[in-house]
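Input: a single structure, listed below in structure tokens.
Numbering (this note's numbering), first residue to last: 439 to 687.
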């Protein structure tokens, strides 16, 4: 990749405050372009259907119209998000939707939100990465969103053989909205109601804190993470000997 990787939180926030929006756009394009040249069809864009993913998808399509994406949905998404997803996939059929087939844990978000996210968000993400044989996945994560996102890097290797690229890591919220307005990118209708971060209906509220402070309000996860950015995502392949041993039992 042409863009020099930043390695410390101090480096990250120097860029947050030290670059103009146009410079950040160029940097993001360089990161995606370099990754696509290196990984080709083994690169895939994760799309949360939120404002940040809208920016990343638009940037990725500037790099190559052939870049593919995936969307993880859950039974608990608001109807506005489901409609936005249907419209998006109709326009970009190269985006594949993944959803857990678990229909028994209907109220798990009330009793064990971590396990709920594991079933309905983390596992389908693992499935998506496996489906695309991903060696690099691209996210819309940003370091200024909330307290849990200050220690990420533009290029990360959290799983062996799987690069995570966060090309808009150093963008601020106002710059995201500037870009979307400048490029006439359509976003989820829920933003008109005052939401700043979108998730499942039971676990998303309009709040007055940082962008993610309305997520999982009233639980131990308040303002936190679903797990896709914090847990291993590469499925572990069992050794042939272990598989044979299990088959014999």
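All C-beta atoms, glycine included, are put in the ideal place defined by N, C-alpha and C.
#1: Are three or more beta carbon pairs between the region 529-540 and the region 499-511 nearer than 8 Å?
#2: Taking all protein chains shown into account, decide if residue 667 is buried (16 or more other Cβ within 10 angstroms of its Cβ) or exposed.
#3: Taking only the alpha-carbon atoms, compute the straight-line gap between residue 682 and residue 673 and give it to the nearest angstrom.
#4: Which whole runs of the beta strand (DSSP E) in the region 500-542 are 3 residues long or more, in chain order?
#5: From residue 487 to residue 478, what distance separates their C-alpha atoms?
#6: Helix or strand or just coil, what does DSSP make of residue 589?
#7: So what's residue 559 in DSSP terms, helix, strand or just coil?
#8: Per DSSP, which one or two residues make a beta bridge with residue 574?
#9: Using the rule of at least 16 other Cβ atoms within 10 Å of the residue's Cβ for burial, across every protein chain shown, is residue 460 buried or exposed?
#10: One question on the structure: do residue 646 and residue 653 come within less than 8 Å of each other, judged by their Cβ atoms?
#11: Do residue 454 and residue 610 have their C-beta atoms within less than 8 Å of each other?
#12: DSSP three-state call for residue 467: helix, strand or coil?
#13: Can you check which of these residues, 640, 499, 604, 591, is closest to residue 449 by C-alpha distance?
Reading it off the structure:
#1: yes
#2: buried
#3: Only weak support exists for where residue 682 lies, its pLDDT of 46 falling under 50; the coordinates are left without a value.
#4: 506-510, 533-536
#5: 23 Å
#6: coil
#7: helix
#8: 481, 601
#9: exposed
#10: no
#11: yes
#12: helix
#13: 591
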